[in-house]
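This report refers to the structure that appears directly beneath it.
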Amino acid sequence: MEPGLSRRMVKTLNELLPAFAVGAPPEQHDASTPAPIDLSRALNEVIHPELLEFFTSTVEDKVTSEAFAAPVASLNGGDPRLREALAAFFNTYFNAFHAVKPEHIVLTAGATDAIENVIHAVCDDGDSVLIPGPHWPGFEPILKRKANVNIILAQPPTYSHWDNYLLPSLQAAYDFSAEKSRIKAVLLCNPNDPLSTCYPRDTLLELMEFCQERGLHFICDECHALTGLNGVDAKSPKFVSALSLAEPLVPQGAVKVDPSCVHVIWSASKLFGMSGFKVGCIVSQQNPHLLTAMALLASHPSSISTLYLSNLLSWSQLPTLLALNSERLTQSCHILASSLRRWNLEFVTPTHGLFLFAKLAKGAKSAEDEQSFYDRLAVHGVKVAQGRFYKGVDKDFGWARIRFSVSLEVMREAMGRMEGFFT
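So this is what it looks like as structure tokens:
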């Protein structure tokens, strides 16, 4: 045991360190060469100049001494101005079946806090949550260590048409569980992280009916919504929010989805690159008892964060900003995808989001092979997130999540460094 650490802390470190290794710095770096370009982080930088200008030109004029005070705790879900702005935002862009109202929203200190609080509210210690792979590695420390629930992973057999395997893999994971009665929820990320594609509408409906038939809550992390890329295949699934399917018009005899068991997570971290502001929310439209519980549990975002985001969401130029965001993400993604094609490297074509999932280490046969390959790439000047941490296709090594949400200048420099590595 490490000196000064409890046994449970040592156990926690052993469980969490692999997940956090996704963002760890390379172990070796030659000081005589430039620092690696970090394409492993989940940060959107493409509209940071405009966001900074908006902050300095708009928000500073509205700051009062109240911004220095701690947020006021509220059973209503937090700052009323931001909840009103969020309700209008969801009603405008998420096509909600029932209009989202401020009282349907609980503010949180980011998406992680939101997920933790929903799980805490619907699960008891030792319960389980179904999660389809591939998925963001951060789900595991949230659920295992913070919420004290178990993860039942449903992995696809292939990354090709991976969404077709969503229901079969979840059904198999559920059927083979020794304690079905302790499975309380399905947690999904749409658009998917790391694949940066969306689940089709019909697949989401089938998933919601799967949950309804088994009395499960459906928790949908939609933090990557509205990051659509331009010029993608018209046949690719568009983003469909769970809010738009909470009470769908279904054929006679089909299962009707219970909106009280549908909960959407959103934060400003991916769309606006505002991870450091730690502001997000939970939307649950027909479960007032759950909302009250989560309002009590949630960590409130700072006063500066709520002021900034409420003004941004209410800004008359927001549609223009969102279009600019998609345009710049598309341009940067095109540079990355063109390079990968030139190097004859396999990848999943992204349609939404900040990342591209590619098999850079074509010869990797083990976790050690993958680690060694990406350590060498980092020493060569580019750092990416290793694919095995995302719990996708079992024993299919060599994949990586590559961020393209950087400036064109940075992306071109990164591709120049990778050119020297692959050729």
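For the sequence shown, the working numbering puts the final residue at 788, and the numbers step up evenly by one.
We treat Cβ as the ideally placed atom computed from N, Cα and C, and that holds for glycine.
query, result
"Rounded distance between the beta-carbons of alanine 663 and leucine 508, thought under 8 Å", "Contact flag wrong, Cβ pair sits at about 17 Å."
"Span separating the alpha-carbon of asparagine 595 from that of asparagine 690", "10 Å"
"Cβ shell of glycine 785 (< 6 Å), same chain only, five flanking positions each side left out", "none"
"Any chain D beta carbon closer than 8 Å to valine 749", "Of the protein chains in this structure there is only one, and it is not chain D."
"Close beta carbons around leucine 687, own chain, < 7 Å, minus the five adjacent residues each side", "Leu591"
"Neighbour-count burial assignment, alanine 600, 16 or more Cβ in a 10 Å radius", "Reading off the sequence shown, one finds lysine at residue 600, where the question assumed alanine. So lysine 600 ends up on the exposed side."
"C-alpha distance - asparagine 513 paired with glutamate 778, whole-angstrom precision", "43 Å"
"Under the three-state DSSP convention, the category valine 775 falls into", "helix"
"Whole-angstrom distance between lysine 727 and glutamate 789, CA atom to CA atom", "Summary: the structure shown does not reach residue 789, with the chain confined to residues 366 through 788, and so no result is reported for it."
"Span of the beta strand (DSSP E), counted from its first residue to its last, around serine 691", "That residue, serine 691, is in no beta strand (DSSP E); its alpha helix (DSSP H) goes 683 to 707."
"With 16 other Cβ atoms within 10 Å as the buried cut-off, status of proline 715", "buried"
"Minimum C-alpha distance to leucine 655 - residue among Asn482, Glu415, Pro399 and Glu449", "Asn482"
"Reduced DSSP category for lysine 549 - H, G, I as helix; E, B as strand; rest coil", "strand"
"Coarse secondary structure for glycine 442, derived from DSSP in three states", "coil"
"Proximity of cysteine 646 and isoleucine 470 at Cβ, strictly below 8 Å", "yes"
"Backbone secondary structure at serine 534 - three-state DSSP", "helix"
"Proximity to alanine 550 [Cα-Cα], best of Pro559, Gln577 and Val494", "Val494"
"Straight-line gap, glutamine 577 to valine 749 (C-alpha atoms, nearest Å)", "38 Å"
"Anticipated Cβ contact below 8 Å, alanine 765 with alanine 723, distance rounded", "6 Å"
"DSSP state of aspartate 734 mapped onto helix, strand, coil", "helix"
"Simplified DSSP assignment, three categories, for serine 525", "coil"
"According to DSSP, residues forming a beta bridge with alanine 519", "Pro497"
"Pair within 8 Å by beta-carbon distance, glutamine 520 and valine 758", "yes"
"Nearest neighbour of threonine 421, chosen from Leu694, Leu672 and Ser770 [CA to CA]", "Leu672"
"Nearest neighbour of alanine 407, chosen from Asp558, Leu570 and Glu468 [CA to CA]", "Asp558"
"C-alpha distance - glutamate 415 paired with leucine 370, whole-angstrom precision", "45 Å"
"Residues bridged to threonine 457 (per DSSP)", "DSSP output for threonine 457 lists no bridge partner at all."
"Straight-line Cα distance separating serine 681 from methionine 776", "31 Å"
"Span of the alpha helix (DSSP H) around cysteine 576", "566 to 579"
"Counted within 10 angstroms of its Cβ, other Cβ atoms place leucine 614 as buried (16 or more) or exposed", "Unreliable positioning characterises leucine 614 in this predicted model, as indicated by a pLDDT of 49, which lies under 50. A coordinate reading is not provided."
"Own chain residues within Cβ distance below 8 Å of arginine 782, not counting five before or after", "Ile402, His745, Gly746 and Val747"
"Residue from Thr429, Ser542, Ala633 and Lys466 with nearest C-alpha to alanine 479", "Ala633"
"Same chain, Cβ closer than 7 Å to serine 534, neighbours up to 5 away in sequence not counted", "Pro497, Ala519, Gln520 and Pro521"
"Assigned exposure category for methionine 374 - 16 Cβ within 10 Å defines buried", "exposed"
"Nearest-angstrom Cα separation, counted from lysine 466 out to serine 667", "22 Å"
"Between the CA atoms of aspartate 598 and phenylalanine 754 - distance to the nearest angstrom", "29 Å"
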